[in-house]
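Asker:
Numbering (my numbering), first residue to last: 14 to 252.
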């Protein structure tokens, strides 16, 4: 069961700063996208059918770099959810937070959701830690709308946007310094997932595994400990 404490939504106030994530040039037809997304996430279809989205390419362009720096966990971070001329994306694709850290998803454009890979939420394969609760935001359609989740269980969490998973709109949250071995989120993605989603999850898995094996000091084989977090863990995003 998904606790109510992870289901908070709010609109950003007029004075709030927006994420500088380079999601300009949004695609038109948000109303059509919203209708398609609603049809794809009403809970009546299986996981594979829910990812269908006839108005876009299957893959899109996910070659944004650099991502948020995995290996520099922060206490809180925002993830943009947007549609642009390159496709549909979570940006940063991969984030690293401390145990007890908070991720806030912010709708930049289009209609999107964030949902954990878990049999109780989305898909048959669990890609979050065994002791963690899954989450699902429901569809967000108003620009500036948000959903947040606090992560109290160390581990690797993979998630998707249900209407746009087919285009590779997936993401990863790393919490603390878990041992890579035994993490459901670092297992090979299930074959029934869309090809674009599998491709991106494998890419993010490699990035995460490398960072976790390197440890806080960036040296492979070091004990992870709790040091080396840096000042604020943010790098410059130049998308």
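For glycine and all other residues, C-beta sits at the position ideal for the given N, C-alpha and C.
1. For residue 112 and residue 99, I'd like the C-alpha separation in whole angstroms.
2. Tell me whether the beta-carbon of residue 88 lies closer than 8 Å to the beta-carbon of residue 123.
3. Please report the straight-line C-alpha distance between residue 115 and residue 158, rounded to a whole angstrom.
4. From 178, 186, 226, pick the residue whose C-alpha is nearest to that of residue 212; which is it?
5. Once DSSP output is grouped into helix, strand and coil, what is the label at residue 211?
6. Can the beta-carbon of residue 121 be found less than 8 Å from the beta-carbon of residue 151?
7. Taking the straight line between their C-alpha atoms, what separation do you get for residue 82 and residue 133?
8. Is it buried or exposed for residue 180, if we count other Cβ within 10 angstroms and need 16 for buried?
9. Which class does residue 125 belong to by DSSP, given the choice of helix, strand or coil?
10. What is the DSSP secondary structure of residue 198, counted as helix, strand or coil?
11. Is the CB-CB distance between residue 166 and residue 196 below 8 Å?
12. Take the Cβ of residue 208 as the centre, count every other Cβ of all protein chains shown within 10 Å, and call the residue buried at 16 or more, exposed below.
13. Looking only at its chain, what residues have a beta carbon closer than 7 Å to the beta carbon of residue 218, apart from the 5 residues adjacent to it on each side?
14. So is residue 143 buried or exposed if we call it buried at 16+ other beta carbons inside 10 Å?
15. Along the chain, which unbroken stretches of the beta strand (DSSP E) at least 3 residues long are found entirely within the stretch 82-114?
16. With which residues is residue 173 paired in a DSSP beta bridge?
17. For the candidate residues 186, 131, 224, whose alpha-carbon lies nearest to that of residue 118?
18. Might you give, ordered along the chain, the residues of its own chain that have their beta carbon closer than 7 Å to the beta carbon of residue 224, omitting 5 neighbours on each side?
19. Among 139, 148, 103, 107, which residue has its Cα nearest to the Cα of residue 221?
20. Starting from residue 162 and walking both ways along the beta strand (DSSP E), at which residues does that stretch end?
Answerer: Here's the rundown:
1. 33 Å
2. no
3. 16 Å
4. Here the closest residue by C-alpha is 178.
5. In the structure shown, residue 211 sits in a helix (DSSP, three-state: H, G or I).
6. no
7. 30 Å
8. buried
9. strand
10. helix
11. no
12. exposed
13. 199
14. exposed
15. 87-97, 100-104
16. 128, 183
17. That would be 186, whose Cα lies nearest to the Cα of residue 118.
18. 83, 84
19. 107
20. First-last of the beta strand (DSSP E) with residue 162: 159-164.
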